[in-house]
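*Asks:* Dumping the structure here so I can ask a few things about it.
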Amino acid sequence: MAPVNNKSSRHIWFPVIHSPWSDIIKFLLVIAALVWLIYRGTESLGYNWQWHRVSKYILSVEGGKLIFGPLIQGLLVTLRICGWSLVFSFFFGLLTALLRMSDSLVGRSVARCYLELIRNTPLLVQLFFLYFVAAPILGIDRFTAGVLTLSLFEGAYASEIFRAGIVSIARGQWEAAHSLGLSTFHTYRHIVLPQAIRYILPPLTSQAVALIKDSALVSTIAIYDLTMQGQIIISETFLTFEIWFTVAAIYLVLTVVLSTMADIMAYRLKIAS
Amino acid sequence: MQGKKLGDYIIEVDRIHKTFPDGIQALYDFSTRIKRSEVVVVIGPSGAGKSTFLRCLNGLEDFDRGTITIDGIPLDDNKENRLEIRKEVGMVFQLFNLFPHMTVLENVNLAQMLVRKKNHNEATKVTMSLLEKVGIPEKAQSYPSQLSGGQQQRVAIARALAMVPKVMLFDEATSALDPEMIGEVLDVMKTLAREGMTMVVVTHEMGFAREVGDRVIFMDEGRTVEEGSVEQIFSNPQEERTKQFISQIL
C-alpha cells in the first residue's frame, strides 16, 4: 500500500474520485447537461415533443402480429446496401492493392487511375454519375448503382489499408515462401494475408463504419433506406427532432455493433497467434 | 543415387554479374561449378557477395549477365524454369523465416501439400520423420515463437528438406544463434552432408568446414579470390588477401 500521508496526491476524497463509479457519474452528468441544453433550446423554440408518436414508425402490433415500421424497413434496405457494398469494397480493395504491387505495368496503371479518380471526386458526384449517366447506359437499377458507387468509393480507401498491411509483412516471409516453391497466389493466400489481417482489421473496421454512414447518401437517388424513410416520415408528421434523433440512434447502434464484432474478431486473432 | 563422378555438375555458374540499383557491384564475373553431393563452403568478409551469390542460385536475386544452370535447368526469364528450380533448391536463412502463424507441423507440411500435392496424412508422415531427424518431434504442435533459436533453425531445415531438394543453400544459418545453440544446428547440417546432400554453405564456422567441407571458396568484392580444399585454404592460403582474412577469423 502507498502511504496515505502524502497530502498532495492522497487526499481524503481520493478513493471516491478514483473509483470507477466516479467516472460513470461524470459521464452521466455530461449527458444530463447535454440533454438539458437541448431541452432548453427546444423549449425556447417552442418545440412540441411527441416521442409517443415515434414508436409506430419503428415497430407496431396489429391483430397480434408484429409489423415493421418504415424506419425498420429502411434499416433493412440500409443493411442490404451496406452488406453488398462491404463485400464488393473489400473485393475491389484487395484487387487494387494486389494490382498496385504487381509486376504488371498495366495493372499498376489501372489501379493508380482508379484510386486517383475515386479519391479526388466527391462521393455524391460519383453517385449521381453512376445513377444518371452510367446506369441508363449499362441498364442497371438504382439499388445496383448505389451499391456499385459505395463499393468503388470505399474500395479505393480499403485498398490502401490492404496495401499497408501487406507491405508490413517482413521480406523474409516472402523469401521463405519463394524458396519453398510456393506460387504468388499461395504465398498471399497462406503466408501474407493471414498475417496481414491482424494489421488490417482495425482500420478496415473504421472503413466499414464509414461505409455505413456514407450509405445515407443513396437516399438522394430515391432508394428507401433509413435516411430516406426518416425524411418521408418527417415530411408527413413534422416530428423533425424525434425522427432524426431516432435515425441517428439506429445508425449508432449499427456501427457500435459492427465495431464490437470487429474487436472480438481482433481479440480472437490475437489469441490464435 | 548419384555418385561423385567427375563432370557430373549439378550447379554451373558462368560469369554472372550483379549490380544493385544503388550502383554497388555485388558479383563480378563470378563462376563456379559444383558437383553432386559436394559440400562447398563460401567464406569472405561482409559485402563480399557471398549471400548475393547464394540468393542468385534460387532466383531470390536476379543477375544482370551470365548464366546459372541447376541440374540441367537454366535459371532464366522462363517462369516455369524458375519455379522448377525453386522447388529443387532448398534454402535456410540466417533469421529462420518460419511462418509465425502456423505450428511447426503446418510450417513443414505447407509446401509438401501445396507444391508437391501431397495429402495431409502423407505430408504429416514425412514431417514427423524429418522432425525426428532434426531432433524435435515433440515440438510439432508448438508455434515458432515458443521455440529457441536453435530449434527454430532446425525446423527451418526440416521445412526445406520436406521438398526433397537436390541442393541445399545455407545463408549464415548459425550467425543469429546464441553460442550454445550453434552446435545443434551444425550437427544437423553435418548429418546432411554425410548423407550426400549437395550443399552450398555461407558460414564462418571453421569447424564445420574442416569436418565436412569438400571445397572452400574465398570471396571478396564479388569475385573468387581463391578456392581449394579446406586444408589448402585454411592452412596454406596462397593469396595475400586470403591469408589476411584467415588469420583474422581463426
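Chains as they are written, first to last, in the working numbering: chain A, 11 to 283; chain B, 21 to 270.
Glycine residues also receive a C-beta, built at the ideal position from the N, C-alpha and C atoms.
So Y29(B) is in the beta strand (DSSP E); what residue range does that whole segment cover?
*Replies:* Along the second sequence, one-based indexing puts residue 29(B) at 9. Taken as a continuous stretch (DSSP letters only), the beta strand (DSSP E) holding Y29(B) covers 29-39.
*Asks:* Figure out for me which residue from E152(B), K153(B), L130(B) has the closest Cα to the Cα of A143(B).
*Replies:* Within the second sequence, numbered from 1, the residue matching residue 143(B) stands at position 123. Nearest option by C-alpha distance: L130(B).
*Asks:* Would you mind telling me which residues of chain B sit closer than 7 Å to G191(A), beta carbon to beta carbon, in chain order?
*Replies:* Within the first sequence, numbered from 1, the residue matching residue 191(A) stands at position 181. Those within 7 Å of G191(A) in chain B are L103, R106, K107, A131, V135, M183.
*Asks:* Taking beta-carbon pairs under 7 Å, can you tell me which members of the stretch 73-106 of chain B lie near chain A?
*Replies:* So the list reads N78, L80, L103, R106, given in the order they occur along the chain.
*Asks:* Closer than 8 Å, CB to CB, is F190(B) near chain A or not?
*Replies:* Looking up residue 190(B) in the second sequence gives position 170. F190(B) does not count as touching chain A.
*Asks:* Beta-carbon within less than 8 Å of L104(A)'s beta-carbon, same chain only, minus the 5 sequence neighbours each way: which residues are those?
*Replies:* By 1-based counting over the first sequence, the position of residue 104(A) is 94. These residues qualify, in order along the chain: A168, S169, F172.
*Asks:* Quick one: what's got a C-beta closer than 7 Å to I93(B)'s C-beta in the same chain, skipping five residues either side?
*Replies:* Here residue 93(B) refers to the residue found at position 73 of the second sequence. Cβ within range, chain order: N101, E104, I105.
*Asks:* Would you mind sorting M21(B) into buried or exposed? The rule is 16 or more other CB atoms within 10 Å of its CB.
*Replies:* Taking the second sequence and counting its residues from 1, the one referred to as residue 21(B) is at position 1. Confidence at M21(B) is low in this model, with a pLDDT of 41, below 50, so the placement of that residue should be treated as unreliable; the coordinate-derived value is given next. The residue in question, M21(B), is exposed, as its Cβ has fewer than 16 Cβ neighbours within 10 Å.
*Asks:* I need the boundaries of the beta strand (DSSP E) containing R56(B), first residue and last residue.
*Replies:* Here residue 56(B) corresponds to residue number 36 of the second sequence, with the count starting at 1. Element bounds for R56(B): n/a, residue is neither H nor E.
*Asks:* Output yes if chain A places a C-beta closer than 8 Å to the C-beta of F119(B); else output no.
*Replies:* If you number the second sequence from 1, residue 119(B) lands on position 99. For F119(B), the answer is yes, since a Cβ of chain A falls inside 8 Å of its Cβ.
*Asks:* Measure the C-alpha to C-alpha separation of H37(B) and D82(B) and round it to an integer number of angstroms.
*Replies:* By one-based count along the second sequence, residue 37(B) stands at place 17. By one-based count along the second sequence, residue 82(B) stands at place 62. Those two C-alpha atoms are separated by around 10 Å.
*Asks:* Between the C-alpha atoms of Q60(A) and I243(A), what's the straight-line distance to the nearest angstrom?
*Replies:* Counted from its first residue, the first sequence places residue 60(A) at position 50. Counted from its first residue, the first sequence places residue 243(A) at position 233. If I take the Cα positions, the gap works out to 14 Å.
*Asks:* Classify R75(B) as buried or exposed, calling it buried when 16 or more other Cβ atoms lie within 10 Å of its own Cβ.
*Replies:* Start at 1 with the first residue of the second sequence, and residue 75(B) comes out as number 55. Its Cβ being crowded by 16 or more others within 10 Å, R75(B) is buried.
*Asks:* According to DSSP, is Y57(A) helix, strand or coil?
*Replies:* Counted from its first residue, the first sequence places residue 57(A) at position 47. It is coil, neither helix nor strand.
*Asks:* Name the residues in the stretch 195-206 of chain A whose C-beta lies less than 8 Å from a C-beta of chain B; which are they?
*Replies:* Going along the stretch 195-206 of chain A in chain order, one finds H196, H200, I201, P204, Q205 with a Cβ nearer than 8 Å to chain B.
*Asks:* List the residues of chain A that L197(B) touches, going by C-beta distances under 7 Å, in chain order.
*Replies:* Start at 1 with the first residue of the second sequence, and residue 197(B) comes out as number 177. Residues of chain A passing the Cβ test: none, with the nearest at roughly 16 Å.
*Asks:* Do you know how far the Cα of W254(A) is from the Cα of V45(A)?
*Replies:* Here residue 45(A) corresponds to residue number 35 of the first sequence, with the count starting at 1. Here residue 254(A) corresponds to residue number 244 of the first sequence, with the count starting at 1. Rounded to whole angstroms, V45(A) to W254(A) spans 15 Å at the Cα level.
*Asks:* Between F228(B) and chain A, is the shortest Cβ-Cβ distance under 8 Å, so that the two count as touching?
*Replies:* Translated into the one-based positions of the second sequence, residue 228(B) becomes position 208. So, not an interface residue.
*Asks:* Please specify which runs of the alpha helix (DSSP H), each continuous and at least 4 residues long, are wholly inside the stretch 164-190 of chain B, giving them in chain order.
*Replies:* DSSP runs (the alpha helix (DSSP H)) wholly in the stretch 164-190 of chain B: 169-181.
*Asks:* For K138(B), does the three-state DSSP call read helix, strand or coil?
*Replies:* Here residue 138(B) refers to the residue found at position 118 when the second sequence is read from its first residue. Of the three classes helix, strand and coil, the one that applies to K138(B) here is coil, per DSSP.
*Asks:* Can you name, in chain order, every residue of its own chain whose Cβ lies under 7 Å from the Cβ of R118(A), other than the five neighbours on each side?
*Replies:* On the first sequence, residue 118(A) is found 108 positions in, with the first residue counted as 1. L109, R110, S112.
*Asks:* Tell me the rounded alpha-carbon separation between I30(B) and F190(B).
*Replies:* Taking the second sequence and counting its residues from 1, the one referred to as residue 30(B) is at position 10. Taking the second sequence and counting its residues from 1, the one referred to as residue 190(B) is at position 170. Between I30(B) and F190(B), the C-alpha separation is close to 17 Å.
*Asks:* What is the rounded straight-line gap between the Cα of E225(B) and the Cα of V236(B)?
*Replies:* Position 205 of the second sequence, counted from the first residue, corresponds to residue 225(B). Position 216 of the second sequence, counted from the first residue, corresponds to residue 236(B). Using only the alpha carbons, I get a separation of about 12 Å.
*Asks:* Along the chain, where does the alpha helix (DSSP H) that runs through G103(A) open and close?
*Replies:* By 1-based counting over the first sequence, the position of residue 103(A) is 93. Start and end: 80-110.
*Asks:* My parser needs the alpha helix (DSSP H) runs of 4 or more residues fully inside the stretch 96-167 of chain B; what are they?
*Replies:* Counting whole runs of 4 or more residues, the stretch 96-167 of chain B contains the alpha helix (DSSP H) stretches 99-108, 124-134, 140-153.
*Asks:* How about E252(A): is its C-beta nearer than 8 Å to some C-beta of chain B?
*Replies:* Within the first sequence, the letter at position 242 stands for residue 252(A). Answer no: the Cβ-Cβ gap between E252(A) and chain B never drops below 8 Å.
*Asks:* Measuring only the C-alpha atoms, how far is I231(A) from T215(A)?
*Replies:* Stepping through the first sequence from its first residue, residue 231(A) is reached at position 221. Stepping through the first sequence from its first residue, residue 215(A) is reached at position 205. Rounded to whole angstroms, I231(A) to T215(A) spans 26 Å at the Cα level.
*Asks:* Name the chain A residues whose beta carbon is nearer than 7 Å to that of M111(B)?
*Replies:* For this step, residue 111(B) is matched to residue 91 along the second sequence. In chain order: S189.
*Asks:* Classify T87(B) as helix, strand or coil using the three-state DSSP reduction.
*Replies:* Reading the second sequence from its first residue, position 67 is the one you call residue 87(B). Of the three classes helix, strand and coil, the one that applies to T87(B) here is strand, per DSSP.
*Asks:* Closer than 8 Å, CB to CB, is Q183(A) near chain B or not?
*Replies:* Position 173 of the first sequence holds residue 183(A). True, the Cβ-Cβ gap to chain B drops below 8 Å.
*Asks:* Identify the contact partners of A258(A) in chain B, using a Cβ-Cβ distance below 8 Å as the criterion.
*Replies:* Counted from its first residue, the first sequence places residue 258(A) at position 248. Residues of chain B passing the Cβ test: none, with the nearest at roughly 40 Å.
*Asks:* I want to verify the contact list: residues of chain A whose CB lies under 8 Å from the CB of L151(B), in sequence order.
*Replies:* In the second sequence, counting from the first residue as 1, residue 151(B) sits at position 131. Correct list: empty, because the minimum Cβ distance to chain A is about 17 Å.
*Asks:* Which same chain residues end up closer than 7 Å to L85(A) when comparing Cβ atoms and leaving out the 5 residues on each side of it in sequence?
*Replies:* Stepping through the first sequence from its first residue, residue 85(A) is reached at position 75. Excluding residues within five positions, the ones whose Cβ falls inside 7 Å are L236, I260.
*Asks:* Shortest alpha-carbon distance to F40(B) belongs to which of G242(B), E260(B), S267(B), I253(B)?
*Replies:* For the purposes of this step, residue 40(B) is identified with residue 20 of the second sequence, where counting begins at 1. Answer by Cα proximity: G242(B).
*Asks:* Hey, does T276(A) have any beta-carbon neighbour from chain B nearer than 8 Å?
*Replies:* In the first sequence, the residue the question calls residue 276(A) occupies position 266. Reading off the sequence, residue 276(A) comes out as Ala, not Thr. By this cut-off, A276(A) is not an interface position.
*Asks:* Using a Cβ-Cβ cut-off of 7 Å (strictly less than) and excluding sequence neighbours within five positions of L125(B), which residues of its own chain qualify?
*Replies:* The residue labelled residue 125(B) in the question sits at position 105 within the second sequence. Excluding sequence neighbours, L125(B) sits near T144, T147, A160, Q161.
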